[in-house]
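Novice:
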Amino acid sequence: MPSLKDLKNRIASVKSTRKITKAMQMVAAAKLRRAQEAAEAARPYAERMTAVMSGLAASVGNSDSAPRLLAGTGSDQTHLLVVMTSERGLCGAFNSSIVRLARARVAALLSAGKTVKILTVGKKGREQLKRDYAKYLIGHVDLSEVKRIGYDNAHAIARDLLTRFDAGEFDVATIFYNRFQSVISQVPTELQVIPAAFEGGESASTLYDYEPSEEGILADLLPRGVATQVFTALLENGASEQGARMSAMDNATRNAGDMIDRLTIQYNRSRQAAITTELVEIIAGAEAL
Amino acid sequence: MADTMQFDLVSPERKLVSAQAREVHIPGADGDLTAMPDHAPLITTLRPGILTVVTAEGATDYAVTGGFAEIGAEGVSVLAERAHVTHEVTQAMIDEMIAAAQKAHKEAHPDVVDSAAKLLSDLVAMGSRIGLEPKLS
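Chains W and D supply the protein sequences, listed in that same order.
When we follow our numbering, the leftmost residue of the first sequence carries the number 617, and every step to the right adds one.
When we follow our numbering, the leftmost residue of the second sequence carries the number 1415, and every step to the right adds one.
#1: Could you say which of W:Tyr752, W:Gln858, W:Ile791 and W:Val809 lies nearest to Gln802 (chain W) if we only look at CA atoms?
#2: So for Ala789 (chain W), helix, strand or coil by DSSP?
#3: Would you mind giving the Cβ-Cβ distance between His1439 (chain D) and Leu1465 (chain D), rounded to the nearest angstrom? I have them listed as a contact below 8 Å.
#4: Going straight from the alpha carbon of Gly690 (chain W) to that of Thr1458 (chain D), what length do you get?
#5: Apart from the five residues just before and just after Leu837 (chain W), which ones in its own chain have a Cβ nearer than 6 Å to its Cβ?
#6: To the nearest angstrom, how far is it from the Cα of Ser856 (chain W) to the Cα of Ala813 (chain W)?
#7: Listing by chain order, which chain W residues have their CB less than 8 Å from the CB of Thr1459 (chain D)?
#8: Taking Lys740 (chain W) as the reference, which of W:Glu703, W:Gln693, W:Gly841 and W:Pro660 has the closest Cα?
#9: To which residues of the same chain is Thr869 (chain W) closer than 7 Å at the C-beta, ignoring the five residues directly before and after it?
#10: Indicate whether Asp1422 (chain D) and Ser1432 (chain D) have their beta-carbon atoms separated by less than 7 Å.
#11: Using the Cβ count rule (16 or more neighbours within 10 Å means buried), how would you classify Pro618 (chain W)?
#12: Just verifying my parser: in three-state terms, what is the DSSP assignment at Ala855 (chain W)?
#13: At 8 Å on the CB atoms, spell out the chain D contacts of Gly766 (chain W), in chain order.
#14: For chain W, check one thing: does any of its Cβ atoms lie closer than 7 Å to the Cβ of Ala1518 (chain D)?
#15: Is DSSP giving Met865 (chain W) helix, strand or coil here?
#16: Go ahead and pull the three-state DSSP assignment for Thr1418 (chain D).
#17: Roughly how far, in whole angstroms, is the beta-carbon of Val1490 (chain D) from the beta-carbon of Ala1449 (chain D), given that I think they are within contact range, below 8 Å?
#18: For Phe1482 (chain D), write down the residues that DSSP places opposite it in a beta bridge.
#19: Taking Cβ-Cβ distances shorter than 7 Å, what residues in chain D pair up with Thr844 (chain W)?
#20: I want to see whether chain W comes within less than 7 Å of Leu1456 (chain D), judged by CB atoms only; does it?
#21: Closest by CA to Pro1451 (chain D), which one among D:Gln1420, D:Ala1477, D:Arg1461 and D:Lys1429?
#22: Can you tell me whether Gly873 (chain W) is helix, strand or coil according to DSSP?
#23: In whole angstroms, what is the alpha-carbon distance linking Arg1543 (chain D) and Tyr752 (chain W)?
#24: Using the C-alpha atoms, what's the distance from Ala728 (chain W) back to Thr1479 (chain D)?
#25: Residue ranges of each beta strand (DSSP E) run of no fewer than 3 residues wholly in the segment 712-784 of chain W, ordered along the chain?
#26: Note down, in chain order, each residue of its chain lying with its Cβ closer than 8 Å to the Cβ of Glu903 (chain W), except the 5 sequence neighbours on either side.
#27: Ala1497 (chain D) versus chain W: which residues are under 9 Å apart at the beta carbon?
#28: If Leu879 (chain W) and Leu620 (chain W) are in contact, beta carbons under 8 Å, what's the gap, nearest whole angstrom?
#29: Residues of the segment 1472-1484 of chain D with a CB closer than 7 Å to any CB of chain W: list them in chain order, please.
#30: Would you say Ala1443 (chain D) reaches chain W, if we count a Cβ-Cβ gap shorter than 7 Å as a contact?
#31: Could you check how far apart the C-beta atoms of Asn794 (chain W) and Ile714 (chain W) are, in whole angstroms? I think they sit under 8 Å.
#32: DSSP three-state call for Tyr824 (chain W): helix, strand or coil?
#33: Rounded to a whole number of angstroms, what is the C-alpha to C-alpha distance between Ala724 (chain W) and Glu785 (chain W)?
#34: Checking contacts by CB at 7 Å: is Ser1432 (chain D) closer than that to chain W?
#35: Would you please state the rounded distance, in angstroms, between the beta carbons of His928 (chain W) and Thr736 (chain W)? I believe it to be under 8 Å.
#36: I'd like the span of the beta strand (DSSP E) that includes Ile1440 (chain D), first residue to last.
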């Protein structure tokens, strides 16, 4: 049975924890709004880009002159997994759900006899993956100094990917990130970026003239497409992180409230018990006289 | 014939301009071109240069550094990696871009050294057109 003083201290400490989680929730809510706006603002570019590229890819894709970024290297022996996680913790299952998906993929690839390389973005995922797959990690992108994710960050990652691809370090690149659905639901997603895969590769409805040539444009666009996809993934991930943190902190705040209620009841009960005991002692003492 | 068309200038981070335009001068990779309403559908890549949009209120110049333009039935959309209104472009920005291009040129693979040189000279030309003489080293 904890003493009254212990209980009092306990209540005070849970109360201050609740204050912190509440503040974190509010900060996350504000950041979430900004992250969502950024993701929203980036959408027109990504959509146009994909529309134009899938139109082009459909018309050029099957010819022999298709660029390697589209057609692939002709093999799928070496896989590069780009695992995007957050730089900070306290955001619920956000990081572990991405890592779980990536881990399942690594296991599947390894058992199929493929070579796996892992590039991590964000230190939380790196910490988790290092335990089992340290020998597959080939690089890490640190975004902890970045306050607001810009296109430059995505561009740098994409350039790194393209350099490695040109050097023949891998055949297939897949990015893992959390797609933002709502504050309470973020969907871990894997997206193949190299070779570029387009859903519903139908030809563009309008017949365009191309300057310089279809292949020329495609060769120019594909690297940009990779950067755009990385950028979209980073933004979605950013929004998801804040969403996950917001709901995690909301839960924490509520739990802290419940705990305070329970402790307060316990505190009051033991206080009353102490008073009753004292009274009984006094009465018993008076009667004995 | 409609005398205006929808014009969108989009960068990866946000939509910069969305307006009704009478004509748009585009610095295409193979040469400049002007798009007016009912232009034939065309997709072209951009070289660094000045993009001019003429609306009912007048003309606005934007400095763009590559990307592509899509001219379709419903209008023109330009997807540029970096785009700024010309009077917002500073000497420092030009210098930085040119320094990056020079570095790329020096390190360029022999196969692509020509395109790197072209990129560099396009940037220099763009700088001088806005009246910011680049420092060439």
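Positions of the beta carbon are idealized from the N, C-alpha and C atoms, including for glycine.
Predicted model only: the values in this text are computed from it and were never measured.
Specialist: According to the structure data:
#1: W:Gln858
#2: The answer is strand: DSSP assigns Ala789 (chain W) an E or B state.
#3: 7 Å
#4: 29 Å
#5: Short of 6 Å from the beta carbon of Leu837 (chain W), and not among the five residues preceding or following it, lie these beta carbons of its own chain, in chain order: Met669.
#6: 24 Å
#7: Glu827, Pro828, Gly832, Ile833, Asp836 and Leu837
#8: Considering only alpha carbons, the answer is W:Glu703.
#9: Arg634, Thr637, Lys638 and Gln641
#10: Yes, the pair counts as a contact, with Cβ atoms nearer than the cut-off.
#11: Classification of Pro618 (chain W): exposed, given that the 10 Å Cβ count is below 16.
#12: helix
#13: Glu1427
#14: no
#15: helix
#16: Thr1418 (chain D): coil per DSSP, three-state reduction.
#17: A Cβ-Cβ distance of about 5 Å is found for the pair Val1490 (chain D) and Ala1449 (chain D), placing them in contact under the 8 Å criterion.
#18: D:Thr1459 and D:Leu1493
#19: Pro1426
#20: Chain W contact via Cβ: present.
#21: D:Gln1420
#22: helix
#23: Rounded to the nearest angstrom, the two C-alpha atoms are 50 Å apart.
#24: 44 Å
#25: 731-737 and 753-757
#26: none
#27: None at all; the shortest Cβ gap to chain W is about 11 Å.
#28: That pair is no contact at about 11 Å.
#29: Phe1482 and Glu1484
#30: yes
#31: 6 Å
#32: The three-state secondary structure of Tyr824 (chain W), taken from DSSP, is coil.
#33: 20 Å
#34: Ser1432 (chain D) does not count as touching chain W.
#35: Lying before the first or after the last residue shown, residue 928 (chain W) is absent from chain W, which here runs from 617 to 905.
#36: Glu1437 to Gly1442
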